[in-house]
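**Q** Have a look at this one.
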Amino acid sequence: MSDEEQTPIRLSFEFFPPKTDNGREKLKSVRQELNKLNPDFFSVTYGAGGSTRDNTKGIVKAMKDEGMSVAPHLSFGGDDEDSMVELLAEYKEYGVNRIVALRGDMPSGVGGGLQLVYANELVAFIEKHFPGQFELEVAAYPEIHPEAPSYVEDIRFLKQKLDAGASSAITQYFFNPDAYFYFIDECAKEGIDKPIYPGIMPITNYRNLARFSDNCGAEIPRWIRKRLESCGDNVESITATGTEIVTELCETLLDGGAPGLHFYTMNQIEPTSTIINNLDLVDLE
Ligand code: FAD
14 MSDEEQTPIR
24 LSFEFFPPKT
34 DNGREKLKSV
44 RQELNKLNPD
54 FFSVTYGAGG
64 STRDNTKGIV
74 KAMKDEGMSV
84 APHLSFGGDD
94 EDSMVELLAE
104 YKEYGVNRIV
114 ALRGDMPSGV
124 GGGLQLVYAN
134 ELVAFIEKHF
144 PGQFELEVAA
154 YPEIHPEAPS
164 YVEDIRFLKQ
174 KLDAGASSAI
184 TQYFFNPDAY
194 FYFIDECAKE
204 GIDKPIYPGI
214 MPITNYRNLA
224 RFSDNCGAEI
234 PRWIRKRLES
244 CGDNVESITA
254 TGTEIVTELC
264 ETLLDGGAPG
274 LHFYTMNQIE
284 PTSTIINNLD
294 LVDLE
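Using my numbering, read the sequence shown as starting at 14 and increasing by one per residue.
As structure tokens, this is what we get:
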């Protein structure tokens, strides 16, 4: 296939909303730097139970004002239908045209009263109130969501979300490309024909990553654990090794037909920027 015939890959970068002025100021320079890599869009997470509602909204508004394409993450959390419609209308006013629709998790310390709304219901809700006005993304889990009743049912629930009106899915991060490729094949067997973009987690802090991965059901293969453990507390060595491993993962995914990459940047320019440069995807002129 010649260069011209190749479908350009979709690139997106995820941020979380900082809690402090200092963090917000820092994120401003991070996004301006990452914007030079020509992402298709940025996304901004939404805290469990809507805990970052105003912070998420503030960052999204600031980024729209800077002319960036940005997709807020959204879940019902504890909100009622009226406040969800209000928030979506505000996003519309800002010029937002893409939403990452999620069930989210129970905020810590919240008792039995709060009922989480499944993502397929949120997608249907958005489509009902704002038909065709937002491009909707949903989450997918190549290593299967920790609460899923079974592998096959998790895929059926993914199909439900897509059938309700989402146009594509972004995956939880993973380090084993076979898990993604197998998942894609199984999704196709269930009749899913919409793109599923791999979520990529750059490696910088092994201890945090190991703890977080246990919670969200993402597996760090033994060889990666051993390799990173041997770096000890040497941050430079962990980052260099992690960057090499994640660059190779991205290459394998793209060579195997992944339609793009979604980076969990952790609000940092590096190592996301180096990984993308390693992949030689964009002309940085
Ligand atoms: P759902 O698709 O609703 O699925 C949740 C669970 O219920 C799964 O186990 C599924 O198998 C099962 N299920 C689904 N539908 C049904 C049904 N109809 N009946 C019975 N069972 C069902 N979390 C945040 O708090 N904020 C964020 O900004 C955020 N961003 C994320 C972005 C991405 C790309 C990803 C992959 C995850 C993100 N998360 C975020 C984490 C996510 O909120 C959690 O993984 C959450 O537990 C599930 O959300 P979901 O939208 O995948 O849920």
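In this text, a Cβ means the ideal position worked out from N, Cα and C, and glycines have one as well.
Ignoring anything shorter than 3 residues, give me the beta strand (DSSP E) runs that lie fully in the stretch 120-152, in order along the chain.
**A** You should have found no qualifying run.
**Q** For the beta strand (DSSP E) containing Gly-273, list its first residue and its last residue.
**A** Run containing Gly-273: 273-277, per the beta strand (DSSP E) assignment.
**Q** Return the residue from the list Cys-244, Cys-229, Gly-230 that minimises the CA-CA distance to Trp-236.
**A** Among Cys-244, Cys-229, Gly-230, the Cα nearest to that of Trp-236 belongs to Cys-244.
**Q** If you compare alpha carbons, which of His-86, Phe-188, Gln-173, Pro-155 is closest to Ile-197?
**A** Nearest of His-86, Phe-188, Gln-173, Pro-155 to Ile-197, Cα basis: Pro-155.
**Q** DSSP beta-bridge partners for Ser-85?
**A** Checking the sequence shown, residue 85 turns out to be Pro, not Ser. Pro-85 is bridged to Val-57.
**Q** Only counting runs of 3 or more residues, tell me where the beta strand (DSSP E) segments fall wholly within the stretch 211-296, in order along the chain.
**A** Correct list: 273-277.
**Q** Can you tell which of Leu-24, Lys-70, Glu-79 has the C-alpha that lies nearest to the C-alpha of Ser-42?
**A** Among Leu-24, Lys-70, Glu-79, the Cα nearest to that of Ser-42 belongs to Glu-79.
**Q** What residue does the alpha helix (DSSP H) around Glu-199 start on, and which one ends it?
**A** Element bounds for Glu-199: 190-202.
**Q** Using three-state DSSP, classify Phe-29 as helix, strand or coil.
**A** Phe-29: coil per DSSP, three-state reduction.
**Q** Considering only C-alpha positions, which residue in the set Val-109, Gln-185, Tyr-186 is nearest to Glu-148?
**A** The candidate whose alpha carbon is nearest that of Glu-148 is Val-109.
**Q** Going by DSSP, what residues sit across from Ile-183 in a beta bridge?
**A** Looking at the DSSP assignment, Ile-183 forms a beta bridge with Ala-152, Tyr-210.
**Q** Whose CB is closer than 5 Å to a heavy atom of ligand 1? List the residues in chain order.
**A** That gives Thr-58, Tyr-59, Ala-61, His-86, Leu-115, Arg-116, Gly-117, Asp-118, Tyr-131, Ala-132, Ala-152, His-158, Glu-160, Ala-161, Asp-167, Phe-170, Ile-183, Gln-185.
**Q** Check this for me: beta carbons of Gly-90 and Gly-62, under 8 Å apart or not?
**A** Cβ distance < 8 Å, so Gly-90 and Gly-62 count as in contact.
**Q** Rounded to whole angstroms, what's the CA-CA distance from Ile-229 to Glu-264? Just pull it up for me.
**A** The residue asked about is misnamed: residue 229 is Cys in this sequence, not Ile. Each residue's Cα considered, the two are about 24 Å apart.
**Q** Hey, Ile-112 and Pro-85: beta-carbon distance below 8 Å or not?
**A** Yes.
**Q** What is the DSSP secondary structure of Ala-177, counted as helix, strand or coil?
**A** Ala-177 falls in the coil class under three-state DSSP.
**Q** Tell whether a beta-carbon distance below 8 Å holds between Gln-185 and Asn-133.
**A** Against a cut-off of 8 Å, the Cβ pair of Asn-133 and Gln-185 comes out as no contact.
**Q** Whose C-beta lies closer than 8 Å to the C-beta of Leu-297 among residues of the same chain, with five residues either side of it excluded?
**A** Confidence is the limiting factor: at Leu-297 the pLDDT is only 43, short of 50, which leaves the residue's position unreliable and the question unanswerable from this model.
**Q** Return the Cβ separation of Val-151 and Ala-179 in integer angstroms, given the expectation that the two are a contact with Cβ distance under 8 Å.
**A** Indeed they touch by this definition, with Cβ atoms about 4 Å apart.
**Q** Which residue from Glu-283, Met-279, Leu-274, Thr-287 puts its Cα closest to that of Pro-52?
**A** If we check each option's Cα against that of Pro-52, Leu-274 comes out closest.
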